[in-house]
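To start, the structure under review is shown below, and the notes come after it.
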Amino acid sequence: MPMLTRKIFTANIKEIKTKGGRTFLYGKEIEQVELMGICFEHGDKFIKILDYYSEIILFKKPETQITSERCLFKCKLYVNDSKVSLFCTEVSKIDFYGEMFFIVEAQKLNEKEKEIYREKEGR
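For what it's worth, the numbering used here labels the leading residue of the sequence shown as 1, then goes sequentially.
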């Protein structure tokens, strides 16, 4: 069964909620996320990236290679005491046009999902 993946920005991470050991973003279950950003620092077990909203630390395996400054990161979600941690499972190079498509898709999808979620919640 494929993992439930969402394209997000760092600003969306604070909206991730947990219930019964499952994670949700705007009422939709997710298991992993895709983030796009510029990698400005990395070590054996972490990557620091910057997207259009803020910087974030992603955890990674030592053998995960960063081959470009601008990358697309697939990450599994781990929530502990309401704190979300992201573990990078895949890194791929992204070009300028891929970055623009990612931004448009993530922005539109998250706006739509947020609106639907708030209507259901009565806000």
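For every residue, glycine included, the Cβ atom is placed at its ideal position computed from N, Cα and C.
- GLU121: member of the alpha helix (DSSP H) spanning 96-121, first to last residue.
- Taking the CA atoms as reference points, LYS7 sits about 10 Å from CYS75.
- Taking 8 Å as the cut-off, the beta carbon of LYS60 is found no closer than this to the beta carbon of PHE40.
- Counting along the chain, the unbroken beta strand (DSSP E) around SER85 starts and ends at 83-93.
- The C-beta of ALA106 has 16 or more other C-beta atoms within 10 Å across all chains shown, which makes the residue buried.
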